[in-house]
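Asker: Quick note: the sequence shown, position 45, residue 53 per our numbering, numbers continuous. Cβ coordinates follow ideal geometry from the N, Cα and C atoms, glycine included.
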Amino acid sequence: MPSTQFSLFQQDQTYIFSGRGFGHGLGLSQWGAKALADRGYNAGQILSYYYKDVTIESLPGTSLLDGLRQESSI
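(1) Which runs of the alpha helix (DSSP H) spanning at least 4 residues fall entirely within the region 11-74, listed in chain order?
(2) Could you pull out every residue in the same chain whose Cβ sits closer than 8 Å to the Cβ of Ile24, ignoring the five residues on either side in sequence?
(3) Here's a check: name, in chain order, each residue in its chain whose Cβ is nearer than 8 Å to the Cβ of Ser56, leaving out the five neighbours to either side.
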């Protein structure tokens, strides 16, 4: 369990972990990703650090920034 913010309870033969904190708790740690970025890791390297045995590739199409510019009312 990547977080230290959890409690452990035993109920009969079952152990119950109860966690709390920030984020979704699945995969990438937001603060960990920021720490890697502060060390100079790029986006692909950060994703590869958290998600092993996957292929990261760019998809064709409009970039995210282009979409944000079109929807902006500023």
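Answerer: The answer reads as follows:
(1) Whole alpha helix (DSSP H) segments, 4+ residues: 38-46, 51-58.
(2) Excluding residues within five positions, the ones whose Cβ falls inside 8 Å are Leu16, Phe17, Gln18.
(3) The residues Val62, Ile64, in chain order, have a CB closer than 8 Å to that of Ser56 in the same chain once the five nearest residues on each side in sequence are set aside.
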